[in-house]
Every structure is written in C-alpha cells, then in structure tokens.
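Taking it in order: structure first as structure tokens, then the write-up.
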Amino acid sequence: MKLFPNTVRGVVSAIDEIFNNNRYADKVIEKTLRSNPKWGARDRGFVAESVYEMVRWWRLIEAVSPSKDHYHRFGTYWLLQGNKLPDWREFKGLDPSEVKSKLNKIQQRSVLQSIPDWLDEMGASQLGEKWDREIDTLNQTASVVLRVNTLKTSREDLMNRLAADGVDTYAPKGYKDALVLAERQNIFKNPAFKEGMYEIQDASSQLVAAALEVEPGMRVIDACAGAGGKSLHLAALMENKGRILSMDVEAWKLTNTKLRARRNGVSIIETRLIEGNKTIKRLKDSADRVLLDVPCSGLGVLKRNPDTKWKLSPESIEKVQVMQQEIIQDYASMVKPGGLLVYATCSILPKENQDQVSKFLASEKGQEFELLEDQKVLAQESGFDGFYIAKMKRK
Ligand SMILES: C[S@@+](CC[C@H](N)C(=O)[O-])C[C@H]1O[C@@H](n2cnc3c(N)ncnc32)[C@H](O)[C@@H]1O
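Structure (structure tokens):
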C-alpha cells in the first residue's frame with residue numbers, strides 16, 4: 008500500500024493530540040476527518056484505522072521505535088504491519104532490520120500485547136489461564152455489527168436493502184437481530200440508517216435486552232440508559248407497547264436517547280434525569296423489569312476503544328467497582344415483587360461482574376432476590392465484545 012504525505016501527516020498530528028494532550032481517540036479522529044473534507048473514503052479509512060491501530064499497539068511501538076519522534080513511531084507501526092517504508096526524509100534513521108531484531112527479543116506479554124503491566128497482572132489474577140487468549144482477542148479489530156430495528160424492517164429485508172447499496176452483511180448464529188458487515192465502512196451515511204432501520208450495536212451487547220424477557224405492555228426501567236442503545240432494543244422487543252423509563256445522571260445522554268428514539272419510530276420511551284436518591288425511591292416496587300447497565304472499566308470493549316487501556320488505572324477500576332455496588336444496592340428496590348433485575352457490564356473482570364452480584368445477593372437488600380442465570384461472555388469465545396449479564400428475580 009502506498010503512503011501519501013498529507014494523510015500520514017494527519018495520522019501523526021492526531022497521535023500527538025491523543026498522547027500529548029490526553030484526548031479521546033474517537034474525538035480526535037472525528038475532528039481530523041472533519042478538518043480535511045477533501046480526503047476520499049480510502050484516505051479517511053486509512054487515517055482512522057492507522058490512528059486506532061497505533062493507539063492499540065502504542066507500548067509495543069514505543070519498545071521498538073528508534074526514537075520518540077512521531078514519524079518514527081508511525082514508520083515503526085507501518086513496518087510492524089508487514090509493510091515497506093518509502094524513502095522519505097521523515098523516516099531517516101528507521102532501520103527495518105533493527106525494528107525486527109528488537110521485536111524478536113521481547114518476551115514480556117504486557118509489551119507484546121501492548122498493555123500496562125498492572126493490567127496484565129490484574130487480568131491474569133482474575134481470569135487465570137483464560138487471560139492470555141482474551142487479551143490477544145481484545146487486541147484484534149472489532150467487526151461492525153448492526154442491530155436491525157424490527158419495528159421498521161426485518162433482518163432479511165435489511166440485508167437485501169443493504170446488498171442493493173453494495174453493502175454485504177451476514178447474519179451471525181445465535182443473535183436474532185444482528186447483521187455483521189463483511190467489510191468495515193462508514194455505515195452511518197446509508198439512507199437506511201437515517202430512516203431508523205438499524206443501530207450500530209455489538210452482538211454481545213444485543214444479549215443484554217434479550218435477557219430481560221420483556222413483553223409488550225410491561226413497565227421497564229433502564230436505569231443507566233446513557234444514549235439509549237439498550238432502551239431502543241427493549242422498545243423493539245416490546246413492539247413499542249408499554250412504557251420504558253430511561254434514566255441517567257447525565258442529561259446530554261438522555262437528549263441523545265430522545266433523538267434516537269424518534270429516528271427509530273419508538274414512542275414508549277420517557278427519559279428522566281437522576282438527581283439523587285429521591286428519584287430512585289419514588290420508583291420503589293414500580294417496574295416489571297429493571298436494567299442496570301452499570302458504568303464499568305470497559306475492558307470487554309477494548310477492540311473498539313483501544314485507548315481505554317491507557318486511560319484506566321487500578322484506582323479508577325477500584326472506584327468504579329464501589330459505584331457498581333452502590334447502584335445495585337440502591338436501584339434494585341425499583342423492581343416489583345416477581346419482577347426481574349438484570350445487572351450488566353461490558354467488562355470481563357469477575358470483580359466487576361459475578362463478584363458484585365454475589366456481594367449483592369449476600370447483603371440484606373439482596374435477600375429478596377435470587378440469581379436465575381448469568382452469562383460470562385468472553386471475547387475469545389463469542390468472537391464479539393466481552394460482556395457480563397446476570398438475571399435475578401425478586402421473590
Ligand atoms: C455502560 S454506560 C450505559 C450504556 C447504555 N445503557 C447503552 O446501551 O448505550 C453506563 C451509564 O451509567 C451512567 N451512570 C453513571 N453513574 C450513574 C448512576 N449513579 N446512576 C445511573 N446512571 C449512572 C453513565 O452516565 C453511563 O451513561
């Protein structure tokens with residue numbers, strides 16, 4: 008593949024912004040692409056992919072690059088991908104055989120897998136022998152998965168419609184509303200997206216709403232709704248009949264939920280900002296189903312958010328674990344007797360998952376609940392994101 012100076016410059020300045028100014032990779036890529044409207048689809052794809060992959064392999068790149076110069080780092084990444092470097096002034100001093108020889112000498116898993124040492128230790132201590140393959144899988148590129156909005160179309164019809172636009176997809180087994188793109192591309196631009204025919208949602212994430220076993224007419228609370236990905240799926244499973252209360256502590260996310268609901272043809276979602284424990288107490292015993300899609304480390308979705316590993320710390324994970332237990336303790340009371348409570352994370356760490364559920368069930372408030380089943384979805388086994396989903400029933 009041929010390199011072009013202007014797009015490589017785009018990658019290098021994005022990398023500088025991410026690592027020197029501590030900015031989020033997705034936001035920086037978005038801004039870079041917006042400020043270069045003349046780039047074609049291939050250029051945009053090259054820039055986005057190179058930035059994400061450099062972020063993913065940052066520690067390994069650092070270990071084998073001849074210097075901290077961003078062009079050297081880019082060149083090192085390019086060589087690590089099995090490419091050849093053009094004879095540019097910026098790549099002077101970068102010797103492919105030196106890069107190779109440095110790479111061959113590395114044995115430490117944390118460097119080879121490009122993760123912080125503390126994360127390697129944490130993963131190994133919590134996942135045991137499964138960690139090695141899990142981190143290897145989480146370092147691969149994510150597939151783009153759509154959730155078909157069954158309020159507007161069927162999986163087969165959407166597959167045919169996208170195929171007519173030259174977008175090939177396949178239907179993965181075991182995920183009844185999912186379609187996987189055969190090739191990565193910007194699918195937000197397709198008119199079918201604007202018509203609300205689908206949302207982008209990983210296949211593992213689609214297991215969450217399914218676990219609530221909702222029926223049309225039910226009262227459902229999605230208590231950590233964010234921008235509403237799971238609320239929208241729940242609304243489709245409920246055939247847009249009943250009531251979903253989508254709540255969060257961040258108002259702007261709920262605004263997005265409303266916009267997405269309109270596009271999806273969903274009218275049963277009401278949003279409510281959580282302003283304190285009073286908001287929760289008022290809803291005591293009120294819902295047939297409560298979903299707690301709690302804040303988490305995000306370690307199950309490293310494939311799509313590789314910069315998470317550079318932003319997390321043992322302290323931030325500890326803090327989020329405290330929040331997870333507080334949420335389950337405080338919010339479980341919203342379930343009606345006989346109703347279901349689903350606790351979910353996009354983490355693969357037992358301490359954020361089954362350990363939190365066990366702690367809750369062993370506590371005073373947890374006495375009213377029994378665990379029906381839980382799914383520990385590892386990326387290496389599912390081929391999609393890592394997730395955890397526990398289904399509990401209020402007695
Ligand atoms: C994993 S995200 C939710 C993703 C969302 N359910 C979706 O499908 O797109 C967790 C959400 O919990 C929210 N949150 C954080 N603290 C909270 C709290 N104490 N109560 C409710 N939501 C909270 C965050 O703002 C964030 O949107």
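Residue 8 is where the sequence shown starts when you use the working numbering, and the numbers rise one by one after that.
Cβ coordinates follow ideal geometry from the N, Cα and C atoms, glycine included.
Note that the structure is a prediction, hence the values are computed from the model and not measured.
Proximity of residue i and residue j at Cβ, strictly below 9 angstroms
i, j, result
"I194", "L241", "no"
"E246", "L347", "no"
"A218", "I355", "no"
"A232", "S253", "yes"
"I335", "V308", "no"
"S150", "G345", "no"
"G373", "V384", "no"
"H77", "I22", "yes"
"K159", "G272", "yes"
"S72", "L101", "yes"
"V349", "R296", "yes"
"L186", "V215", "no"
"S274", "W125", "no"
"E97", "V15", "yes"
"I228", "A294", "yes"
"N146", "K38", "no"
In DSSP terms, what residue i is bridged to
i, result
"I228", "L252, V297"
"K310", "For K310, which the question treats as bridged, DSSP gives no partner whatsoever."
"A397", "Y350, D381"
"V152", "V187"
"T264", "None, per the DSSP bridge assignment."
"F195", "F195 is not bridged to any residue."
"E206", "R154"
"T39", "None, per the DSSP bridge assignment."
"T315", "T315 is not bridged to any residue."
"Y177", "V187"
"V71", "None, per the DSSP bridge assignment."
"F367", "None; F367 has no bridge partner."
"V342", "A294"
Straight-line Cα distance separating residue j from residue i
i, j, result
"Q133", "I122", "16 angstroms"
"G52", "E371", "52 angstroms"
"F369", "D50", "The sequence shown places Ala at residue 369, rather than the Phe named in the question. The alpha-carbon atoms of A369 and D50 are separated by roughly 54 angstroms."
"T286", "L298", "16 angstroms"
"E206", "F200", "7 angstroms"
"L261", "A351", "19 angstroms"
"M129", "N167", "45 angstroms"
"Y182", "P93", "44 angstroms"
"R162", "K107", "46 angstroms"
"G203", "E136", "42 angstroms"
"Q387", "Q120", "15 angstroms"
"M61", "F81", "7 angstroms"
"T67", "Q88", "According to the sequence displayed, residue 67 carries Leu and not Thr. Whole-angstrom Cα-Cα distance: 12 angstroms."
"T144", "K316", "14 angstroms"
"E222", "K398", "16 angstroms"
"R401", "E380", "13 angstroms"
"K196", "D172", "11 angstroms"
"A210", "C353", "12 angstroms"
Boundaries (first-last residue) of the alpha helix (DSSP H) holding residue i
i, result
"Y338", "321 to 338"
"T278", "Unbroken run through T278 is the beta strand (DSSP E), 276 to 280; no alpha helix (DSSP H)."
"Y59", "48 to 63"
"Y84", "77 to 87"
"K1", "There is no way to answer for residue 1, as the model of the chain reaches only from 8 to 402."
"S161", "Neither: S161 is in no alpha helix (DSSP H) and is coded neither H nor E."
"I25", "12 to 27"
"L110", "103 to 112"
"E388", "386 to 389"
"D127", "124 to 134"
"L241", "236 to 244"
"D143", "138 to 145"
Endpoints, beta strand (DSSP E) assigned at residue i
i, result
"L188", "185 to 188"
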